[in-house]
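Here's the structure, in C-alpha cells; my notes come after.
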Amino acid sequence: MLKVIPPFEFVSENQAVEFLLENYFSPHFSLKQKVYYKFLRKLIPINVRQQIQEKTYSSIKYKESFIDSELVDVLKTHPEFEKSVKHFYPDGARSALVLTHDVEEEEGFNYIPKILDLEEGLGLRSSWNIVPYKYKIDEGIIREIQSRGFEIGIHGYNHDGKLYFSEKIFNERVPYINSAIKKYGAVGFRSPMVHRNLTWLQRLDVEYDASCFDYDAFQPFSGGTKSIWPFIAGKFVELPYTIPQDHTLFYSLKQINPNLWIEKTKWVYDNFGTILVLTHPDYLINKEHLSVYTEYLQYLRGLDNVWHGLPRELAARWKMLFSPKNDLSNPKSL
Ligand SMILES: [Zn+2]
2 MLKVIPPFEF VSENQAVEFL LENYFSPHFS LKQKVYYKFL RKLIPINVRQ
52 QIQEKTYSSI KYKESFIDSE LVDVLKTHPE FEKSVKHFYP DGARSALVLT
102 HDVEEEEGFN YIPKILDLEE GLGLRSSWNI VPYKYKIDEG IIREIQSRGF
152 EIGIHGYNHD GKLYFSEKIF NERVPYINSA IKKYGAVGFR SPMVHRNLTW
202 LQRLDVEYDA SCFDYDAFQP FSGGTKSIWP FIAGKFVELP YTIPQDHTLF
252 YSLKQINPNL WIEKTKWVYD NFGTILVLTH PDYLINKEHL SVYTEYLQYL
302 RGLDNVWHGL PRELAARWKM LFSPKNDLSN PKSL
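Numbering (the numbering used here), first residue to last: 2 to 335.
And the structure:
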C-alpha cells in the first residue's frame with residue numbers, strides 16, 4: 002500500500018488514506034471506457050464528441066459538481082485545524098495560488114508566448130505541461146518559458162488516452178516519459194484526461210504529480226481526493242487541482258464568464274486551501290475565453306494574503322514541511 006501523509010498532524014494516515022487515494026471511487030477504466038478509447042474515440046468527430054459530453058453533463062447540477070465539502074467540514078471542526086494550516090504557506094499566507102496549463106496540440110503550444118505576456122504583465126507565473134511525443138516542440142518557446150521564470154512539466158506520453166489501459170502499457174512508456182522529464186528539466190507530471198494511479202506514477206522521476214483533483218464530476222475517472230491541499234503520496238507530492246478546468250467551463254457548461262471559477266475560489270480561500278488552476282492555451286486562443294481568463298486572473302490578483310508560486314516551489318515546500326525524514330516538532334521555524 003502506498004504511503005500517504007496528509008498535511009494535518011491530527012489526521013492519521015489510515016483515516017486519510019481512503020479519501021486521498023480515492024478508495025471510495027477507485028479511478029480506473031470501465032470496460033465501456035476501454036472500448037471507447039481503443040476503437041470509438043478516433044472515429045467520432047470532435048464536435049459530435051462535444052455534443053455527447055454536453056448531453057451527459059447537462060443533468061449534473063452546477064454547484065454540486067465542484068464542491069464536495071465532506072473532508073473539509075470534518076477537518077474544520079477539529080480544534081487543531083487553524084493552528085495546522087497557519088504554517089502551510091510561506092509568510093503566513095492564508096492561501097496559495099498556483100497556475101498550471103496542459104498543452105494539447107501544436108496550435109496551443111505556439112500560443113504559449115501570448116499567455117506568458119498576459120500572466121507576466123499581472124506579476125504571475127505558471128507551469129506548462131507539454132506532451133513530449135505528439136506535436137512539434139519549438140525549442141525557442143521552451144527556452145522562453147524557462148528564461149522568463151515559468152516552469153515546464155510533462156503531460157503524458159502521446160495523449161492517446163491509453164496510458165492507463167494496463168500496467169504493462171504504462172511501464173513500457175515510463176522510460177520515454179522519464180527521458181522527456183530529464184530533457185526538459187521538468188520535476189512535475191500531469192496525466193492526460195487526468196487518468197491516474199498514484200502507485201504506478203511512483204515510477205516517474207518527479208518531485209510532484211498533479212493528476213488528481215479535489216472534486217470534479219466532469220472527468221472520465223470521476224471522484225476526487227476531497228483535499229484542497231497537497232499531500233505526500235509515496236516519494237512525491239501530489240498537487241490536486243481545485244478549480245474547474247477551462248474545458249468544463251467553456252464547453253461542457255457553456256459559461257462565458259468567470260463566476261463559477263470565482264465561486265469555487267472563494268470557498269477554497271475561505272478554507273485556507275490551495276487555489277490550483279488548470280487551463281489550456283488551446284482553449285484560450287478563443288478571444289472570449291481569453292478575456293474570461295484575464296478577468297479571473299485580475300480577480301485572483303486582488304485577493305489578500307495569498308502566496309503565489311510555481312507548482313515545483315509549492316511541492317518543495319510540502320516536502321520540506323511534511324516528509325517523514327524531517328523533524329516536524331517545530332514546523333513554524335521552517
Ligand atoms: Zn491534456
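Note that CB positions come from ideal geometry on N, CA and C, so glycine has one too. Predicted model only: the values in this text are computed from it and were never measured.
- With respect to the 8 Å criterion, residue 307 and residue 97 are classified as neighbours on the basis of their beta carbons.
- Here residue 6 is near residue 233, since their CB atoms are less than 8 Å apart.
- Look at the beta carbons and you see the segment 144-164 touching the segment 116-136: at least three pairs across the two are nearer than 8 Å.
- Fewer than three beta-carbon pairs drawn from the segment 66-76 and the segment 293-306 are found closer than 8 Å, and the two stretches are therefore not classed as touching.
- Per DSSP, residue 276 lies in no alpha helix (DSSP H); the unbroken beta strand (DSSP E) holding it starts and ends at 275-280.
- In this structure, the CA atom of residue 250 is about 13 Å from the CA atom of residue 220.
- For residue 130, the enclosing beta strand (DSSP E) begins and ends at 127-131.
- Between ligand 1 and residue 282, a heavy atom-to-CB distance of less than 7 Å is absent.
- In terms of side-chain proximity, the C-beta atom of residue 152 is found no nearer than 7 Å to any non-hydrogen atom of ligand 1.
- Counting the other Cβ atoms within 10 Å of the Cβ of residue 16 gives fewer than 16, which makes it exposed.
- The segment 254-273 makes contact with the segment 290-297: 3 or more CB pairs, one atom from each, lie closer than 8 Å.
- Secondary structure note for residue 99: its beta strand (DSSP E) is the uninterrupted segment 96-104.
- In the structure shown, residue 170 falls within a helical segment according to DSSP collapsed to helix, strand and coil.
- Chain-ordered, the residues whose CB falls short of 6 Å from any heavy atom of ligand 1 come out as 103, 105, 156, 160, 193.
- Looking at the DSSP output, residue 134 shares a beta bridge with no other residue.
- For residue 238, the enclosing beta strand (DSSP E) stretches over residues 237-239.
- In this structure, the beta-carbon distance from residue 298 to residue 125 falls below 8 Å.
- Less than 8 Å separates the beta-carbon of residue 240 from that of residue 316.
- For the pair residue 169 and residue 235, the Cα-to-Cα distance works out to about 21 Å.
- Between residue 225 and residue 69, the CB-CB gap stays under 8 Å.
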